[in-house]
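Student: Using the numbering used here, the first residue of the sequence shown is number 11, and each one after it goes up by one. All C-beta atoms in this analysis are idealised placements derived from N, C-alpha and C, irrespective of residue type, glycine included. What you are looking at is a predicted structure, and each value in this text was computed from that prediction instead of being measured.
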Amino acid sequence: MSYSYDLRKCVEAYVLGGGKKTEAAQLFRVHVQTIHNWMRMKGGVCSAGKPGPKTGRTVKHEALKKAIEVRPDARLKGLAEGFHVHPSTIFYACKKWGITRKKDLGVQRARPDETQGLFAAS
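Here it is as structure tokens:
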């Protein structure tokens with residue numbers, strides 16, 4: 011169970027005002043380690059953290075399709091970095107829209123005359 015904002019604010023004011031943490035623990039009936047943790051928090055005890063996104067991040071179909079056309083050899087990790095999402099997000103988006111993984115190697119497209127007999131036709 012978390013402690014109220016008002017209690018944390020009072021404890022912080024007491025300790026920053028020169029009171030000892032052990033005295034604050036007895037006075038406010040809070041464990042000493044809890045006060046240590048509060049005082050170590052970045053930005054102070056009373057700073058509220060910035061809320062994260064409420065929904066998952068999505069990728070626009072046309073933007074992903076265009077990115078794959080521009081860089082057909084790109085890996086999921088590289089595409090994900092460009093869209094600021096996790097690689098699994100790119101994977102599931104491709105799966106949802108029927109975009110399949112590449113079946114040939116980039117070396118085949120770069121040097122077709124040298125690699126003609128090395129790889130099976132796809």
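In terms of alpha-carbon separation, which member of Gln43, Ala103, Asp83, Lys19 lies closest to Val69?
Tutor: Counting from one through the sequence shown, the residue named residue 69 turns up at place 59. Answer by Cα proximity: Ala103.
Student: Helix, strand or coil for His96 per DSSP?
Tutor: The residue given as residue 96 occupies position 86 in the sequence shown. His96 falls in the coil class under three-state DSSP.
Student: Give the single residue among Lys106, Gly108, Thr99, Glu72 whose Cα lies nearest to the Cα of Gly66.
Tutor: Indexing the sequence shown from 1 puts residue 66 at position 56. Of Lys106, Gly108, Thr99, Glu72, the residue nearest in Cα terms is Thr99.
Student: Skipping 5 residues on each side, what residues in its chain have a beta carbon closer than 8 Å to that of Lys87?
Tutor: As a first step, residue 87 is located in the sequence shown; it is residue number 77 there, counting from the start. Closer than 8 Å at Cβ, skipping near neighbours: Pro97.
Student: DSSP three-state label for Ile109, please.
Tutor: For the purposes of this step, residue 109 is taken as residue 99 along the sequence shown, with counting starting at 1. DSSP places Ile109 in coil when its eight states are reduced to three.
Student: Among Phe38, Ile78, Leu74, Asp83, which one has its Cα closest to the Cα of Arg18?
Tutor: For the purposes of this step, residue 18 is taken as residue 8 along the sequence shown, with counting starting at 1. Per the Cα distances, Phe38.
Student: Can you check which of these residues, Gly28, Gly29, Val21, is closest to Lys40 by C-alpha distance?
Tutor: By 1-based counting over the sequence shown, the position of residue 40 is 30. Sequence check: residue 40 is Val here, not Lys. Among Gly28, Gly29, Val21, the Cα nearest to that of Val40 is on Val21.
Student: Are Lys75 and Ile109 closer than 8 Å when you measure CB to CB?
Tutor: Locating residue 75 in the sequence shown gives position 65, where the first residue counts as 1. Locating residue 109 in the sequence shown gives position 99, where the first residue counts as 1. Their beta carbons are under 8 Å apart, which means Lys75 touches Ile109 by this criterion.
Student: Do we get a CB-CB distance below 8 Å when we pair Ala35 with the residues of chain D?
Tutor: The structure shown has no chain D; it contains just one protein chain.
Student: Less than 8 Å between the CB atoms is what I'm expecting for Ala34 and Tyr24, so what's the real figure, rounded?
Tutor: By 1-based counting over the sequence shown, the position of residue 34 is 24. By 1-based counting over the sequence shown, the position of residue 24 is 14. Ala34 to Tyr24, Cβ: 5 Å. Contact.
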